[in-house]
Structure formats: structure tokens, C-alpha cells
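Asks:
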């Protein structure tokens, strides 16, 4: 049991880092990838450079948030099979996805991109 249980504190906000639940193309054009997280996150356009499709960087034109889903508009249609967030040599502490709670999101590597939103 952690400190929360010991002191009986009721916590209403998330106290964990945002974690990616799934990634999928939003339509047949395959030019938008949706990333669904387990909690709300914050987005800044500077984060576009931190995503890699099949290991290739700089292919995200912009991003937008709707609830827990971040949609990435790609610079061109894609046939990518996986998506990665952050690479060891190119990451920056100033360019991190943060949860609404201020905690940095977990990184992910080669998460499969589904062809649609259905589970």
C-alpha cells in the first residue's frame, strides 16, 4: 500500500503517466493517425517532430486533441505498420507529451497501426 492508502487521501485526478492504448488510421486515405491514450494529454505543435512511422521522422504536419485521442495529420498518405514516440538520440526534455496532470507520457516503439478504429 502506498502513501495514499496510509493517509486515506481521495485522489480524483490521474497520478500515473499517460499511456498509449492503441494507434489507428482514421480513414481509407491513411493520412491521419489517431493515438488513443488512457487519460487526457496536452499537445504542442513542436511535438510533431517526435513521432516516427516505421522509423522515419518528420512526416507529421500537425496534431489535434479530442478527449484522450491525439490525431496526427501526416504530410502524405502512409502504409506504415508501426509508430514510435521519442528516439534515444533525438528527444528533448522541452518536447514531451504531458498528461493533464503534468506527468510526461510513456514512450512507445513500433506500436502497430490498425487500419481503423474498431478493436
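In the working numbering, the protein residues as written are 87 to 205.
Note that the Cβ used here is the ideal one computed from N, Cα and C, for glycine as well.
Please read these numbers as outputs of a predicted model, since none were measured by experiment.
Hey, quick one: how far does the beta strand (DSSP E) through residue 196 stretch, first residue to last?
Replies: Stepping through the chain shown from its first residue, residue 196 is reached at position 110. Element bounds for residue 196: 194–200.
Asks: Check each candidate in 105, 118, 182 and 103 and name the one with the smallest Cα separation from residue 163.
Replies: Translated into the one-based positions of the chain shown, residue 163 becomes position 77. The shortest Cα separation from residue 163 among 105, 118, 182 and 103 belongs to 118.
Asks: Is the separation between the beta-carbon of residue 183 and that of residue 114 shorter than 9 angstroms?
Replies: Residue 183 sits at position 97 when you count from the first residue of the chain shown. Residue 114 sits at position 28 when you count from the first residue of the chain shown. Against a cut-off of 9 angstroms, the Cβ pair of residue 114 and residue 183 comes out as no contact.
Asks: Considering only DSSP beta bridges, list what residue 159 is partnered with.
Replies: Position 73 of the chain shown holds residue 159. Beta-bridge pairing links residue 159 to 118 and 148.
Asks: Within 10 Å of its beta-carbon, does residue 179 have 16 or more other beta-carbons around it, so buried, or fewer, so exposed?
Replies: Position 93 of the chain shown, counting from 1, holds the residue named residue 179. Answer is exposed; the Cβ neighbour count stays below 16.
Asks: From residue 88 to residue 187, what does the alpha carbon distance come to, in whole angstroms?
Replies: Residue mapping note: residue 88 aligns to position 2 of the chain shown, counting from 1. Residue mapping note: residue 187 aligns to position 101 of the chain shown, counting from 1. In this prediction, residue 88 has a pLDDT of 49, which is less than 50 and means its spatial position is unreliable; nothing more can be read from the coordinates.
Asks: Mapping the DSSP letters down to three states, classify residue 130 as helix, strand or coil.
Replies: Numbered from its first residue, the chain shown carries residue 130 at position 44. Coil, per DSSP.
Asks: Using only the alpha-carbon positions, how far apart do residue 101 and residue 144 sit?
Replies: Translated into positions along the chain shown, residue 101 becomes position 15. Translated into positions along the chain shown, residue 144 becomes position 58. Roughly 31 angstroms separates the two Cα atoms.
Asks: Where do the N-terminal and C-terminal ends of the beta strand (DSSP E) with residue 106 fall, by residue?
Replies: Here residue 106 refers to the residue found at position 20 when the chain shown is read from its first residue. Counting along the chain, the beta strand (DSSP E) containing residue 106 begins and ends at 106–111.
Asks: Within 10 angstroms of its Cβ, does residue 160 collect 16 or more other Cβ (buried), or is it exposed?
Replies: Locating residue 160 in the chain shown gives position 74, counting from the first residue. Buried is the call here.
Asks: Taking DSSP's pairing of strands, which residues face residue 169 in a bridge?
Replies: Taking the first residue of the chain shown as 1, we reach residue 169 at position 83. DSSP, once it has assigned bridges, lists 139 and 197 as partnering residue 169.
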